[in-house]
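Note sheet for the following structure.
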Amino acid sequence: MKYNSLIIDTFNFSSRAYHVCLTNTKLKEDLVKDTIVLFFRMLKKVENNFLLPGGKVYFLFDNSTSIEDRRKEIDPSYKSTRRKKDEAFIRLVDILQLVLASYKDNYFYIRMENLEADDLVYPLLSIIEKEDENYLLISNDLDWSRCITENTHQAIYSGKDYTIRTITKFKEKFGFSPLKNNIQLYKSFRGDEIDSIPKGVSGIKTTDLLKIIQSCSSLKELYKSLDTIDISNTWKNKIRENWARLSLNYRLVDFIKIEESDLKESLYESSFNALALKVLYGSIGLPDNFDVRIEQLYPKKSNKNFFNYEKIPRQGY
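Take 233 as the starting number for the sequence shown in the numbering used here and just add one per residue.
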């Protein structure tokens, strides 16, 4: 199936390319260059496989310098054990943003201070979504699954290929619908190891957690109706004992609210600029054949110069 628009989790996508190159690139100074080449090779494959002709591509960026600030106000330990991206990766993402800004006319990108790509996807869809169009979210992040609908699917990369997660496929895997509150409740209990969010209640069985999710639309509703849910008193007591942690988790995994006007101000449309790309490619040291469009517009000049000459045999007298 092909889609009208692709929405890409840029940190997630570029991190995959980066770690492939990290193990294969011999010279450290070539790491950024090699990753950018692989990034665009991966991007081309994704577009060929999933994007309709004339479709749009949206790149959502984490803010690399302060993505954790607002959530650390809720919990100072948020992402405290998460390994920080090294300087080469941060530089890579900044360069990618510059390249994407001039790369194609149907590209768009967003990067907002103190926000993660997870926070941007839901409000972006609310302003671009149309009933007669469909969208593909390219991210392995469970948070992005909250935006799955009949017209919006998620591409999950596993092994060497993508699997498409629809409402039906999500239900088959998790046992509940990919609604925002359902996933928020699920992550409140299960935590998120990548983001250093501990489990809200350790050891709770999947069957009991599904009963909770299917019975309650929010943590507040769970608090009110806990006695009526068909789980053992042991687990009811454990939930009460861990209520502070559950409440903290519930806030941490929620989307940060963004005003529509603020999002629109930060949504930039790319425009193909051959000269800007030529300069960027040269500064990064990308190979001459990286972008054939630039080769065609700015062909290499002949190596011959004023001092080249042709030998002429002497004539006898």
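Positions of the beta carbon are idealized from the N, C-alpha and C atoms, including for glycine. Fair warning: this is a prediction, and the values are worked out from it, not measured in the lab.
Helix or strand or just coil, what does DSSP make of PHE245? helix
Under a Cβ-count criterion, where at least 16 other Cβ atoms within 10 Å of its own Cβ denotes burial, should VAL524 be classed as buried or exposed? exposed
Alpha-carbon to alpha-carbon, SER434 and LYS362: 41 Å
From the DSSP output, in three-state form, read off ASP424 for me. strand
What does DSSP give as the partner residue(s) for GLN446 in the beta ladder? Answer by DSSP bridge pairing: none, since GLN446 is not bridged.
Spatially closest choice to ILE359 from ASN295, HIS385, TYR290 and LYS419, by CA coordinates: TYR290
Option nearest TYR455 by Cα separation, candidates TYR235, GLU473 and VAL269: GLU473
For the stretch 310-351, list the beta strand (DSSP E) runs that are entirely contained and at least 3 residues long, ordered along the chain. 339-343
Enumerate in chain order the residues of its own chain whose CB-to-CB distance from SER298 is below 6 Å, with the five nearest sequence positions on each side excluded. Note that SER298 scores a pLDDT of 46, beneath 50, so its modelled location is shaky; the value from the coordinates is reported in the next line. Within the same chain, SER298 has close Cβ partners ASN346.
Paired residues, beta bridge with LYS288 - DSSP: SER237
The beta strand (DSSP E) enclosing GLU473, as first and last residue numbers: Segment 465-473 is the alpha helix (DSSP H) holding GLU473; no beta strand (DSSP E) there.
Nonlocal neighbours in the same chain, by C-beta distance under 8 Å from ASP494, ignoring five residues either side: MET344
Which residues in the same chain have their Cβ closer than 6 Å to the Cβ of THR267, if we skip the five residues on either side of it in sequence? ALA249, TYR250, CYS253 and LEU324
Which term fits LEU259, buried or exposed, when burial requires 16 or more other beta carbons within 10 angstroms of its beta carbon? exposed
Close Cβ partners of ARG314 (< 8 Å) along its chain, the five nearest in sequence each way excluded: The predicted position of ARG314 is uncertain, since its pLDDT is 46 and thus under 50; no value can be drawn from it.
Cα separation between TYR394 and ASP459? 42 Å
Once DSSP output is grouped into helix, strand and coil, what is the label at SER358? helix
Just to confirm, is the Cβ distance from ASN366 to ASN236 under 7 Å? yes
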